[in-house]
Amino acid sequence: MYYSSGNYEAFARPKKPSGVDSKHAYIIGTGLAALSSACYLVRDGQMPGDHIHILEKDPVPGGACDGLDIPGLGYVMRGGREMDNHFEVMWDLFRSIPSIETEGVSVLDEYYWLNKEDPNYSLCRATKDLGKDAGLKGKFGLSDKASMEIMKLFFTPDEDLYDKPITDFFDDEVLNSNFWLYWRTMFAFENWHSALEMKLYIKRYIHHIGGLPDFSALRFTRYNQYESMILPMVKYLESHGVEFRYNTKVENVEFAIGGGDGPKREHTGVGQDTIQKIQATSGFFKRNPASTPTKKLAVRIDVSQEGEKSSIDLTENDLVFITNGGCVENSTMGSQNSPAAWNPDLKPGGGWDMWRRIAEQDPSFGHPEKFCSDPNATKWMSATVTTLDDEIPPYIQKICKRDPFSGKVVTGGIVTVQDSNWLMSWTLNRQQQFRDQPKDQLCVWVYGLFPDEPGNYVKKPMTECTGEEICEEWLYHMGVPTDKIESLAKHHANTVPVMMPYITAFFMPRAAGDRPDVVPDGAVNFAFLGQFAETPRDTIFTTEYSMRTGMEAVYTLLGVDRGVPEVWGSVYDVRNLLNATVKLRDGAPVTDMKLNFIEKAVVKKVLKKLDGTDIATLLREYHVI
Numbered sequence: 001m002y003y004s005s006g007n008y009e010a011f012a013r014p015k016k017p018s019g020v021d022s023k024h025a026y027i028i029g030t031g032l033a034a035l036s037s038a039c040y041l042v043r044d045g046q047m048p049g050d051h052i053h054i055l056e057k058d059p060v061p062g063g064a065c066d067g068l069d070i071p072g073l074g075y076v077m078r079g080g081r082e083m084d085n086h087f088e089v090m091w092d093l094f095r096s097i098p099s100i101e102t103e104g105v106s107v108l109d110e111y112y113w114l115n116k117e118d119p120n121y122s123l124c125r126a127t128k129d130l131g132k133d134a135g136l137k138g139k140f141g142l143s144d145k146a147s148m149e150i151m152k153l154f155f156t157p158d159e160d161l162y163d164k165p166i167t168d169f170f171d172d173e174v175l176n177s178n179f180w181l182y183w184r185t186m187f188a189f190e191n192w193h194s195a196l197e198m199k200l201y202i203k204r205y206i207h208h209i210g211g212l213p214d215f216s217a218l219r220f221t222r223y224n225q226y227e228s229m230i231l232p233m234v235k236y237l238e239s240h241g242v243e244f245r246y247n248t249k250v251e252n253v254e255f256a257i258g259g260g261d262g263p264k265r266e267h268t269g270v271g272q273d274t275i276q277k278i279q280a281t282s283g284f285f286k287r288n289p290a291s292t293p294t295k296k297l298a299v300r301i302d303v304s305q306e307g308e309k310s311s312i313d314l315t316e317n318d319l320v321f322i323t324n325g326g327c328v329e330n331s332t333m334g335s336q337n338s339p340a341a342w343n344p345d346l347k348p349g350g351g352w353d354m355w356r357r358i359a360e361q362d363p364s365f366g367h368p369e370k371f372c373s374d375p376n377a378t379k380w381m382s383a384t385v386t387t388l389d390d391e392i393p394p395y396i397q398k399i400c401k402r403d404p405f406s407g408k409v410v411t412g413g414i415v416t417v418q419d420s421n422w423l424m425s426w427t428l429n430r431q432q433q434f435r436d437q438p439k440d441q442l443c444v445w446v447y448g449l450f451p452d453e454p455g456n457y458v459k460k461p462m463t464e465c466t467g468e469e470i471c472e473e474w475l476y477h478m479g480v481p482t483d484k485i486e487s488l489a490k491h492h493a494n495t496v497p498v499m500m501p502y503i504t505a506f507f508m509p510r511a512a513g514d515r516p517d518v519v520p521d522g523a524v525n526f527a528f529l530g531q532f533a534e535t536p537r538d539t540i541f542t543t544e545y546s547m548r549t550g551m552e553a554v555y556t557l558l559g560v561d562r563g564v565p566e567v568w569g570s571v572y573d574v575r576n577l578l579n580a581t582v583k584l585r586d587g588a589p590v591t592d593m594k595l596n597f598i599e600k601a602v603v604k605k606v607l608k609k610l611d612g613t614d615i616a617t618l619l620r621e622y623h624v625i
């Protein structure tokens with residue numbers, strides 16, 4: 001496997017890997033990472049579809065990318081996904097997945113046309129005082145000191161950020177700013193989360209800093225993620241004869257470790273790209289510090305299907321793709337009249353327990369306890385509110401300033417309630433969110449970052465609230481008259497709460513080696529997938545990250561001779577760096593910073609030297625000076 005830049009290789013069909021017809025693949029899970037690996041096995045690995053076996057513990061595919069109409073309960077979406085125009089792997093794959101909506105076009109075509117004709121942006125990013133616009137005006141509100149704290153984190157070596165929380169680097173000047181409100185609510189960062197992950201996010205999305213306040217950089221699906229992303233992939237795989245085994249829990253993967261060295265693979269190969277060759281040979285792509293060349297062979301998968309335990313014996317020709325961990329593990333649903341239960345205890349057949357058993361077998365397989373040992377630090381709650389008639393929609397329209405029934409962008413991303421004790425945010429993407437949803441209904445997604453705090457109206461923690469009570473709290477913050485709240489929540493909406501104990505587990509402070517490499521050194525026939533596998537430079541909690549691990553896993557194990565698109569290199573583009581610097585300062589040039597006499601003199605001298613050069617032109621173009 002190697003990385004590539006540009007589109008030279010993007011449209012090339014790789015040669016069929018040698019020996020692929022004699023191999024079988026077992027894929028654990030049906031989230032985006034797992035389905036992507038199956039799709040790449042079919043498309044680029046050219047493995048016969050009936051040689052691919054997907055093991056899923058639930059009765060439906062999708063993992064965290066769900067969206068269901070559950071009889072007796074209602075519409076449920078545990079979460080949402082935002083896309084970026086530079087999700088290189090995602091768009092590479094979706095150009096090959098046929099639409100299930102329109103004959104003769106791809107899923108990528110649909111995305112492109114939809115977001116080109118109906119671009120996303122928010123008209124109200126935050127509210128306060130019962131539904132009034134918070135008046136943030138797209139400003140970050142960062143002082144010079146706060147800007148320097150962010151810049152310092154940006155330039156801090158990764159090694160100095162291992163196991164450290166964000167609060168080790170940011171004080172109240174950042175944490176009380178609009179910037180932090182935008183950031184933490186969009187990405188679900190808590191103050192105690194990983195400083196390293198925060199830095200990686202800034203680097204990864206430096207090109208979107210300017211679009212952070214109004215979400216103009218984002219792309220959204222037409223429907224919920226299950227119907228817009230998962231179903232087309234499942235249909236594609238089924239058309240190629242791929243086997244899906246539902247209600248099949250994988251309790252463990254057993255490995256034989258030892259007996260010499262395993263395959264020696266170049267970590268990224270060298271490809272045909274000059275820059276990538278330099279990176280591949282310079283040590284730029286760090287490996288797991290616990291890595292060894294020792295041979296590691298997956299020899300058995302232990303499964304439980306509807307209470308019946310069995311095993312799948314493996315040979316070197318059987319490839320295993322393991323989705324370890326899981327952000328929606330142990331999630332529970334409440335109802336209109338009952339709260340969602342708190343059930344963080346890990347059990348056999350789940351991604352966390354399986355990873356713990358795997359990790360005991362070799363140090364390079366990671367440390368799941370870093371992520372799943374404190375569910376109180378990784379939880380939050382969401383709820384899906386379905387409006388049943390035309391009583392509630394006018395209050396929504398008053399805030400988002402758009403007709404929610406238009407079929408076009410509604411809120412344009414989350415609306416954060418700035419003065420909510422739960423730090424509540426809510427969003428309506430294009431309606432309807434479900435193909436079969438009645439045209440006079442709306443599905444609203446609500447989440448609370450602080451679910452243990454008492455509500456402003458309900459006076460109870462979100463964790464103890466029924467769906468109806470969560471709806472009441474939401475209506476209150478939208479400015480609905482208090483004498484109408486109870487009736488509207490009870491008779492004019494149906495609300496389903498969801499508790500997710502591990503939803504931000506991947507943000508917990510960590511160090512190198514806590515996540516296993518996608519293909520560990522010495523691995524013969526297996527790879528790790530998803531949000532808890534390690535791939536360089538990309539950031540977790542994105543669709544791209546999951547799909548990238550699937551592509552890298554397949555390309556590495558099969559030796560597919562085609563470049564994996566590198567993570568978009570905006571952080572190496574001086575234009576993006578200059579633009580982000582000025583945007584973070586709300587448009588104020590760097591020369592306006594409060595400097596002492598000596599610093600001012602140095603800046604003046606440097607600018608005089610640069611006058612008349614291309615550098616000076618660039619600085620003026622991006623309003624740095």
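No gaps in the numbering here: position 265 of the sequence shown is 265 in the UniProt record's numbering, and each next residue is one more.
C-beta: ideal position from N, C-alpha, C; glycine also.
- Residue pairing by DSSP places Val498 opposite Met333, Ser382 in a beta bridge.
- Glu190 is the residue among Trp180, Ile625, Glu190 whose C-alpha sits nearest the C-alpha of Thr378.
- Rounded to whole angstroms, the separation of the alpha carbons of Pro59 and Gly334 is 19 angstroms.
- Val89 and Val560 have their C-alpha atoms roughly 15 angstroms apart.
- For Cys39 against Tyr236, the beta-carbon gap comes to about 6 angstroms, under 8 angstroms, which counts as contact.
- Residue environment for Met151: exposed (fewer than 16 other C-beta atoms within 10 angstroms of its C-beta).
- In this chain, the beta strand (DSSP E) harbouring Ile301 covers 294-305.
- Excluding the 5 residues flanking it on each side, Phe140 has same chain C-beta neighbours closer than 7 angstroms at Ser177, Asn178, Phe179, Leu584, Asp586, in chain order.
- Here the segment 16-28 lies against the segment 45-61, with 3 or more beta-carbon pairs under 8 angstroms apart.
- Annotation for Leu475: no beta strand (DSSP E) segment contains it, though the alpha helix (DSSP H) segment containing it runs 467-477.
- Beta-bridge pairing by DSSP links Tyr447 to Ser382, Ser425.
- By the neighbour-count definition (other C-beta atoms within 10 Å, threshold 16), Asn596 is an exposed residue.
- Asp144 and Tyr622 have their C-alpha atoms some 19 angstroms from each other.
- Gln531 and Pro61 have their C-alpha atoms some 17 angstroms from each other.
- DSSP places Pro119 outside both helix and strand once states are collapsed to three, so it counts as coil.
- Taking 8 angstroms as the cut-off, the beta carbon of Val299 is found no closer than this to the beta carbon of Ile54.
- DSSP places His24 in the strand class (E or B) of the three-state scheme.
- Taking the C-beta atoms as reference points, Glu534 is found no nearer than 8 angstroms to Val519.
- Between the segment 59-79 and the segment 221-233, the count of Cβ pairs shorter than 8 angstroms is three or higher; the stretches touch.
- Pairing Pro157 with Asp109, the inter-Cα distance amounts to about 40 angstroms.
- Gly455 counts as buried, since no fewer than 16 other beta carbons sit within 10 angstroms of its beta carbon.
- One thing to note: Tyr457 has its Cβ within 8 angstroms of the Cβ of Glu473.
- For Gln418, the number of other beta carbons within 10 angstroms of its own is at least 16, and it is reported as buried.
- His208 counts as buried, since no fewer than 16 other beta carbons sit within 10 angstroms of its beta carbon.
- Runs of the alpha helix (DSSP H) spanning 4 or more residues and lying entirely within the segment 146-227 occur at 172-175, 178-187, 195-204, in chain order.
- Inter-residue distance for Gly550 and Asp92 is about 12 angstroms (C-alpha atoms, whole angstroms).
- Relative to the Cα of Glu266, the nearest Cα in the group Ala188, Val174, Lys286, Gly569 belongs to Lys286.
- A contact between stretches requires three or more CB pairs, one per stretch, nearer than 8 angstroms, and the segment 349-356 meets this requirement with the segment 247-262.
- Residue environment: Pro481 is assigned as exposed (fewer than 16 neighbouring CB atoms within 10 Å of its CB, all protein chains considered).
- Judged by DSSP in its simplified three-state form, His240 adopts coil rather than helix or strand.
- Taking the C-beta atoms as reference points, Ile399 is found nearer than 8 angstroms to Cys124.
- In the assembly as shown, Asn7 is an exposed residue. Its beta-carbon has fewer than 16 other beta-carbons within 10 Å.
- Counting every other CB atom within 10 Å of its CB across the protein chains shown gives Ser406 a total below 16, marking it as exposed.
- Under the DSSP definition of a beta bridge, Thr248 partners with Gln305.
- DSSP places Ala489 in the uninterrupted alpha helix (DSSP H) bounded by 482-491.
- Sorting Met593, Pro536, Ile27, Gly563 by C-alpha distance to the C-alpha of Gly283 places Pro536 at the top.
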